[in-house]
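Novice:
In UniProt numbering, the protein residues as written are 1 to 274.
1. Who are residue 94's beta bridge partners in DSSP?
2. Assuming residue 35 and residue 84 are in contact, meaning their beta carbons sit under 8 Å apart, how far apart are those beta carbons, in whole angstroms?
3. For residue 22, which residues in the same chain have their Cβ closer than 7 Å to its Cβ, ignoring the five residues on either side in sequence?
4. Relative to the C-alpha of residue 174, which candidate in 18, 229, 24 has its C-alpha closest?
5. When we look at the beta-carbon of residue 4 and count the other beta-carbons within 10 Å, is it buried (16 or more) or exposed?
6. Name, in chain order, the residues that DSSP records as bridge partners for residue 157.
7. Give the secondary structure of residue 267 by DSSP, where H, G and I count as helix, E and B as strand, and everything else as coil.
8. Where does the unbroken alpha helix (DSSP H) through residue 206 begin, and where does it stop?
9. Do residue 238 and residue 178 come within 9 Å of each other at the CB atom, strictly closer than that value?
10. Which of the three DSSP states, helix, strand or coil, is assigned to residue 24?
11. Just the C-alpha distance for residue 253 and residue 268, rounded to the nearest angstrom, thanks.
12. With distances taken Cα to Cα, identify the nearest neighbour of residue 204 among 159, 109, 113, 82.
13. Shortest alpha-carbon distance to residue 219 belongs to which of 87, 144, 39, 157?
14. Since residue 96 and residue 38 are thought to touch, with beta carbons under 8 Å apart, how far apart are those beta carbons, to the nearest angstrom?
15. Below 6 Å CB to CB, which residues in the same chain sit around residue 281 once its five sequence neighbours on both sides are set aside?
16. Where do the N-terminal and C-terminal ends of the beta strand (DSSP E) with residue 216 fall, by residue?
17. Residues in its own chain within less than 7 Å of residue 19 by CB, not counting five upstream and five downstream?
18. Give every residue of the same chain whose Cβ lies closer than 7 Å to the Cβ of residue 213, excluding the five residues on either side of it in the sequence, and list them in chain order.
19. Would you list the one or two residues that DSSP bridges to residue 83?
20. How far does the beta strand (DSSP E) with residue 3 in it reach, from first residue to last?
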């Protein structure tokens, strides 16, 4: 892996995600880890907030001071073989990510998930939504209490209708890197779904059979709950899903959350662009 990009707002959750990214960088011999803080002040987001005297030079100075501290701390984890570089910017986060992706060969973006209802907060959060809808590289979301470990068992959540038209090279690149046991849970709409998409199932097997893989099919109406329980019951270290831009990830998980079937998982979630 050439470069990992870790996003930070200097919160404890972001620090944990940066530690996780640093651990991955060391293990997989990543050439570069970039720590990024965007202190862009969105006028729309601030419209209904109390009036506060913002001083852009002060914000910039504080951001640069903290990013330098984080750079030093993450360098201790990565060791000397990975270059840790800190960047601060007053541009919108998605613009900076797009620029860095093009210039630095970024292969993965890492960010934290906050609070007890982790998934709801990160998916509703504008940064995560914008990142998922704008980036063409994997996005790794780290819960605040996720153990820092190398993924040895990964749940791959598959919707065949999305999978059949998805670009597969990023998925195989990720699986080649992790060399983990892969537990595929195929989200089926009904029992006939497997017959209707027989060709797609065959393509799925052709792609994944070379790996250490097991297959499961689920017709559970609550997709998020089904995936969450499956991952927890199998002691998974990571969940991977494919995101259809401007569509599936938010609706994919939101129902179970709004019905208080909260995703109280401490399992990192990797979102691959479709």
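No residue lacks a Cβ here, since even glycine has one placed at the ideal position from N, Cα and C.
Specialist: Taking the geometry as given:
1. DSSP lists no partner for residue 94.
2. About 7 Å separates the two Cβ atoms, so the contact holds.
3. 33, 74, 77, 78
4. 24
5. buried
6. 185, 241
7. coil
8. Membership of residue 206 in the alpha helix (DSSP H) is indicated by the continuous run 198-208.
9. Result yes, Cβ atoms of residue 178 and residue 238 sit closer than 9 Å.
10. helix
11. Because the pLDDT at residue 253 is just 48, under 50, the model does not fix this residue reliably, and the value given afterwards should be weighed accordingly. Straight-line Cα distance between these residues: approximately 15 Å.
12. 159
13. 157
14. 6 Å
15. Missing from the structure shown is residue 281; the chain here goes from 1 to 274 and no further.
16. Note, residue 216: beta strand (DSSP E), 213-218.
17. 77, 148
18. 182, 184
19. For residue 83, which the question treats as bridged, DSSP gives the partners 32.
20. 3-7
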